[in-house]
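There are 2 protein chains.
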Amino acid sequence: MPPRKGPYICGIDAALDVVSGKWKGLVLWELHAHGTRRFAELRRALPGVSEKMLTQHLRQMEEDDLIHRKVYAEVPPKVEYTLTETGAALNEALQPLGEWGRDRIRRGRLEVVGDPDTSASPTS
Amino acid sequence: MPPRKGPYICGIDAALDVVSGKWKGLVLWELHAHGTRRFAELRRALPGVSEKMLTQHLRQMEEDDLIHRKVYAEVPPKVEYTLTETGAALNEALQPLGEWGRDRIRRGRLEVVGDPDTSASPTS
DNA sequence: CGGAGTACTGACCAAATGGCCGGTACCCCA
DNA sequence: TGGGGTACCGGCCATTTGGTCAGTACTCCG
């Protein structure tokens with residue numbers, strides 16, 4: 007694994023690079039919503055995620071300094087994940103995007119079909 | 007191609023779904039910066055993109071109602087791409103993310119290694 | 001008349017991504 | 001004593017993603 011692909015053209019793709027991965031957005035979201043989550047809690051929060059992918063994503067995010075991993079040397083293993091400052095900042099930056107996404111979901115992912123020209127006769 | 011994968015857990019992944027793709031972020035960026043671009047202009051703006059991928063991405067973005075495609079029935083083909091309102095809104099929503107990404111690039115993708123404990127001796 | 005440009009499309013292939021399953025080491029509960 | 005839970009790791013495989021290359025139809029330029 008190369009140290010995060012290549013030279014970036016603009017900030018957008020640097021950021022997108024870091025959040026691309028089927029579950030990373032959700033992990034960020036979970037951690038943002040709950041502050042601290044254990045491995046199994048995250049797994050349960052992400053319906054359908056495999057343990058392998060979850061660990062893999064978590065490790066990458068740790069390497070990218072988005073999350074912090076705290077291991078307790080206890081007998082039934084216990085690991086807690088939290089957002090780092092950078093991760094929290096990312097989440098802040100993701101808020102408008104989430105807003106946009108929610109809007110999009112609300113409209114059924116489709117703009118109304120009518121174009122401005124035909125808007126002379128509304129709903130009748 | 008299913009109509010944009012599945013039920014989304016939150017707005018974030020709905021949005022990420024729509025911008026994931028090696029060049030989509032850059033296309034958005036280009037269109038935002040220039041307003042209107044022709045196919046070949048976009049190709050030249052994205053160093054390394056293949057024509058196939060570019061068309062593919064553009065078609066998906068059109069289907070997602072992010073961009074508008076205007077075909078001129080001229081002899082040497084001419085097609086112009088512009089952002090739709092939705093696309094422009096997406097771009098707005100991406101600004102903070104771009105900001106975050108630029109920050110990240112500036113710091114060389116790495117937080118300073120020193121931890122708070124050792125910060126007693128500053129730069130002297 | 002040949003070469004380049006325009007905006008694509010499709011075949012074929014390689015790499016990346018992610019899913020399934022099995023194993024680990026140890027504990028608690030019935 | 002056996003099953004479930006904890007937090008993983010690794011192999012194998014299917015799907016997805018993206019790249020390379022060739023072709024299209026027609027025009028402009030030298």
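Those protein sequence lines, which keep their order, are chains A and B. Offset between the first sequence (1-based) and my numbering: plus 6. Offset between the second sequence (1-based) and my numbering: plus 6. Using N, Cα and C, we set each Cβ at its ideal position, and we do this for glycine too. These numbers come from a predicted model, not from an experiment.
Start and end of the alpha helix (DSSP H) containing residue i?
i: E36(B); result: 30-40
i: L22(A); result: 17-25
i: A46(A); result: 45-51
Residue range of the beta strand (DSSP E) that residue i falls in?
i: L72(B); result: Note, L72(B): premise wrong, no beta strand (DSSP E); not H, not E.
i: E86(B); result: 84-89
Keeping to the same chain, check which residues put their C-beta closer than 6 Å to that of residue i; ignore five residues upstream and five downstream.
i: L32(A); result: L52
i: V24(B); result: D70
i: C16(B); result: none
If we ignore side chains and look at the alpha-carbon of each, how far apart do residue i and residue j end up?
i: Y87(A); j: R115(A); result: 33 Å
i: P13(B); j: P82(B); result: 42 Å
i: D19(B); j: G27(A); result: 10 Å
i: A46(A); j: R49(B); result: 45 Å
i: Q66(A); j: L72(A); result: 9 Å
i: V55(B); j: W29(B); result: 8 Å
i: L64(A); j: K58(B); result: 33 Å
i: R112(A); j: E105(A); result: 11 Å
i: P152(A); j: A21(A); result: It is not possible to answer for residue 152(A), since the shown part of chain A is limited to 7 through 130.
i: G41(B); j: G93(B); result: 11 Å
i: D109(A); j: A99(A); result: 17 Å
i: E91(B); j: T61(B); result: 21 Å
i: R10(B); j: G107(B); result: 26 Å
i: A95(B); j: E80(A); result: 48 Å
Would you verify that the beta carbon of residue i is, or is not, closer than 8 Å to some beta carbon of chain A?
i: R10(B); result: yes
i: V25(B); result: yes
i: L48(B); result: no
i: Y14(B); result: yes
i: Q94(B); result: In the sequence as displayed, the identity of residue 94(B) is Ala instead of Gln. No, because no Cβ of chain A sits closer than 8 Å to the Cβ of A94(B).
i: L100(B); result: yes
i: E86(B); result: no
i: E105(B); result: yes
i: G41(B); result: no
i: G17(B); result: yes
i: R110(B); result: yes
i: L32(B); result: yes
What does a CB cutoff of less than 8 Å around residue i pick up in its chain, not counting 5 residues either side in sequence?
i: E68(A); result: H74, R75
i: K84(B); result: R44, V77, Y78
Please go through the same chain and pick out, in chain order, the residues whose beta-carbon is closer than 7 Å to the beta-carbon of residue i, but skip the five residues on each side of it.
i: E97(B); result: It is worth fixing the name first, because residue 97(B) is Asn in this sequence and not Glu. Taken in chain order, the residues that qualify are L34, H38, L89.
i: S127(A); result: Per-residue confidence for S127(A) stands at a pLDDT of 39, beneath the threshold of 50, marking its modelled position as unreliable; the derived number appears in the next sentence. Correct list: empty, nothing qualifies.
i: E36(B); result: R43, L48, A51
When the cut-off is 8 Å and only beta carbons count, does residue i lie next to chain B?
i: L22(A); result: yes
i: L72(A); result: no
i: E69(A); result: no
i: G114(A); result: no
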